[in-house]
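What follows is one structure encoded as C-alpha cells, with my remarks underneath.
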Amino acid sequence: MDMDRSVGLRLVLATPVLGVVYSYLLIFLVGWTSEIPWPSWWLGAFPNRHVAALIWIVGWHTIGVLSAAMPIAVAAVLVLRKQAMLLGIVVGVIATILGVVPSLRPDIWPLIWNNHPIFFITDQIQLVVAVPVAIWIIQKLLPQNGIPTAAFG
316 MDMDRSVGLR LVLATPVLGV VYSYLLIFLV GWTSEIPWPS WWLGAFPNRH VAALIWIVGW
376 HTIGVLSAAM PIAVAAVLVL RKQAMLLGIV VGVIATILGV VPSLRPDIWP LIWNNHPIFF
436 ITDQIQLVVA VPVAIWIIQK LLPQNGIPTA AFG
C-alpha cells in the first residue's frame, strides 16, 4: 500500500470515529461544566446579574468545548500529522451536525431562535473551530524536525 493510500485509509477510518467521540465528549463535558455553580463573590464582581451570568455560562461552556477538543486534536495529530487540520475541520463539522439536527424539531427550534440566537450561532462556531485550533496549538508546540507522530508509519 503506497503512502497516499495509507493516509486516505487513515482519514476515512479516523473521521467517523473521532467525530462520534468528539460529539459524546461535548455532551459530557459541556453538560458537566454547565452544572458548576458560581462562587458567592461572583455576582458582586460585575455591574449586574445578567453580565455575571453571561460571562460565567459562556466561560465554562468554552472550557467544556476546549476540553472535549484537546484529546480529539491529539488523536488527529497522532494519526495524520500533515492532514490533521483537515481531519479536525471535518470532525468539528460532524459533531456540529450531530448537535444541531435534534434542535431543528419544530417544537424546539422556535425556543432557540426566538430567545438567544446569538448563543446558538456562537456555540456552533465554537464546536467547528475548537478542534482545528487545538490542532494548530499542538502542531506549533511539537518539534518539526522529523519526529514521527503519524500512527502506522
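The working numbering applies: residue 316 is where the sequence shown begins, and numbers increase by one. No residue lacks a Cβ here, since even glycine has one placed at the ideal position from N, Cα and C.
Option in the options with minimal Cα separation from residue i
i	options	result
G374	A449, Q441, V446 and I452	Q441
A384	G414, L413, L344 and S349	L344
S382	G346, K397, K455 and L358	G346
I342	K455, I378 and K397	I378
Rounded distance between the beta-carbons of residue j and residue i, thought under 8 angstroms
i	j	result
A410	S321	Not really, about 25 angstroms apart at Cβ, beyond 8 angstroms.
I427	F435	5 angstroms
L395	A445	Not quite, the Cβ-Cβ distance comes to about 18 angstroms (not below 8 angstroms), so this is no contact.
I453	V389	6 angstroms
S418	H376	That pair is no contact at about 15 angstroms.
Rounded separation between residue i and residue j - CA only
i	j	result
G407	V443	4 angstroms
L340	L393	19 angstroms
L413	H365	30 angstroms
N430	V336	30 angstroms
I433	Q439	10 angstroms
L457	P421	46 angstroms
G323	V416	28 angstroms
R325	T437	31 angstroms
D319	G334	22 angstroms
G359	K455	39 angstroms
N363	P425	28 angstroms
P331	K397	19 angstroms
C-beta atoms of residue i and residue j nearer than 7 angstroms
i	j	result
P447	I404	yes
W371	W356	no
L402	A391	yes
A368	I450	no
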